[in-house]
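Engineer: For the record, in the sequence shown the residue sitting at position 140 is 197 according to my numbering, with numbers rising by one throughout.
Backbone N, C-alpha and C fix where the C-beta goes; we use that ideal spot for every residue, glycine too.
Predicted model, so just to flag it, every value in this text is computed and none were measured.
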Amino acid sequence: MVFILSGILDLLFCFVICTRRFVKPKMELDFGFWKSTMKVALPIGMLSIFGLIYTSIDTVMLSMMKGDAVVGWYNAAYNLVLGFKPIPHLFMNALFPLMAGYHASSTDLLKIVYEKSFKYLFIMGLPIAVGITLLADRFILLFYGQQFHHSIPALQILSWDVLLFFSYFCMAFVLVSLNKQNRMAAIAGCAALVNIVLNLVLIPSFSYVGAAIATIITETLLIALFFSIISKSFYKLPVGKILIKPSIASLIMGVVIYQFMEFNLILVIILAASLYCLVLYLTRAFSDDDLQLFKQILGR
């Protein structure tokens with residue numbers, strides 16, 4: 058009900074803005090417009106459906122194979138990871154108008170935005186994954202209590218879904234701007250099928266940990282296929298160049314977390330985040346072009 062009400066309010070707000078700022082809508086049947094719109098929207102809708110399947114089917118299968126208690130352990134870990142997923146959504150929504158415009162006007166600029174957005178999301182996602190992996194027991198204890206200690210290994214695995222989802226979301230927006238929705242939907246359908254098979258194989262032997270592994274494998278497959286399409290049809294990212302500095306910073310941060318993980322959790326997080334940013338600054342991970350793009354994003 059909350060989602061429905063928020064959706065209605067969002068629709069009304071957009072309606073008022075469009076009416077006052079652009080044009081007053083009028084009732085008209087335009088079947089040609091319907092056809093062209095559905096042609097573009099249907100693959101994106103199917104992509105959403107397949108995505109919902111491979112992100113939710115594990116819970117259903119766990120419930121059928123292992124029972125509700127195991128589902129609770131798994132969902133406790135997964136819900137902590139879900140809290141980070143709005144970040145790439147908000148970030149890429151701010152960039153998408155630039156990407157759509159550059160696709161029509163400048164391929165070179167679109168390549169730059171693609172590379173930069175992937176870089177920024179990787180810089181944000183990697184330390185989150187490393188930090189949650191090392192501090193999973195502290196987070197589970199803080200949010201759920203000792204009775205959910207079974208959730209710790211699932212959280213350590215699913216923490217890497219944060220990084221994978223950040224990367225996936227960036228590539229998905231690039232593919233949409235390149236009008237590759239049909240191929241995206243087909244890949245998502247295959248990923249959903251692979252996820253079901255993986256869960257069937259892994260859950261009987263590894264329970265909720267197997268479901269977490271299936272999620273990571275599925276996301277990795279999606280990213281690999283999306284990356285392959287973009288590389289062949291548009292632009293191949295200089296992955297090594299992008300990953301090296303954030304990886305060094307995350308490694309140093311991880312060592313510090315490991316050494317101080319018994320200290321106050323808030324202080325450890327602040328120390329780790331500060332050190333990570335310091336290493337990025339010292340290694341010049343951000344250029345003048347990055348700062349200019351930040352200004353454009355904030356301006357939107």
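1) Under a three-way DSSP split, which group does Ser307 fall into?
2) At the level of alpha carbons, what is the spacing between Met241 and Asp165?
3) Is the distance from the Cβ of Val336 to the Cβ of Ile305 below 8 Å?
4) Output the distance between the C-alpha atoms of Met318 and Tyr333, rounded to the nearest integer angstrom.
5) With DSSP as the reference, label Glu319 as helix, strand or coil.
6) Consult DSSP for Pro295 and reduce its assignment to one of helix, strand or coil.
7) Does the beta-carbon distance from Ile197 to Ile185 come in below 8 Å?
8) Report yes or no: do the region 257–268 and the region 169–183 share at least 3 C-beta pairs separated by less than 8 Å?
9) Give the single residue among Val97, Thr190, Ala245 whose Cα lies nearest to the Cα of Val312.
10) Would you check if the distance between the CB atom of Pro303 and the CB atom of Ile144 is smaller than 8 Å?
11) Could you check the C-alpha separation between Met95 and Gln213 for me, to the nearest Å?
12) Buried or exposed for Ile65, please, with buried defined as at least 16 other CB atoms from any protein chain shown within 10 angstroms of its CB.
13) Identify which residue in Glu172, Leu69, Lys123, Gly102 has its Cα closest to the Cα of Gly297.
14) Which runs of the alpha helix (DSSP H) at least 4 residues long sit entirely within the region 104–185? Give them in chain order.
15) With 16 as the cutoff for other CB atoms within 10 Å, does Tyr338 come out buried or exposed?
16) What are the complete alpha helix (DSSP H) segments, minimum 4 residues, inside the region 196–239?
17) CB Ile273 to CB Leu221, shorter than 8 Å?
18) Could you check if Phe230 is buried or exposed, using at least 16 other CB atoms within 10 Å of its CB as the buried criterion?
19) Out of Val97, Leu147, Thr116, point me to the one whose CA is closest to Ile253's CA.
Structural biologist: Taking the structure as given:
1) helix
2) 23 Å
3) yes
4) For Met318 and Tyr333, the gap between their C-alpha atoms comes out near 16 Å.
5) It is coil, neither helix nor strand.
6) coil
7) Not a contact, by the Cβ cut-off of 8 Å.
8) Between the region 257–268 and the region 169–183, the count of Cβ pairs shorter than 8 Å is below three; the stretches do not touch.
9) Among Val97, Thr190, Ala245, the Cα nearest to that of Val312 belongs to Thr190.
10) no
11) 41 Å
12) exposed
13) Glu172
14) 125–139, 143–162
15) Exposed, by the Cβ-count rule.
16) Within the region 196–239, the complete alpha helix (DSSP H) segments at least 4 residues long are 208–234, listed from N- to C-terminus.
17) yes
18) Buried, since its Cβ has 16 or more Cβ neighbours within 10 Å.
19) Thr116
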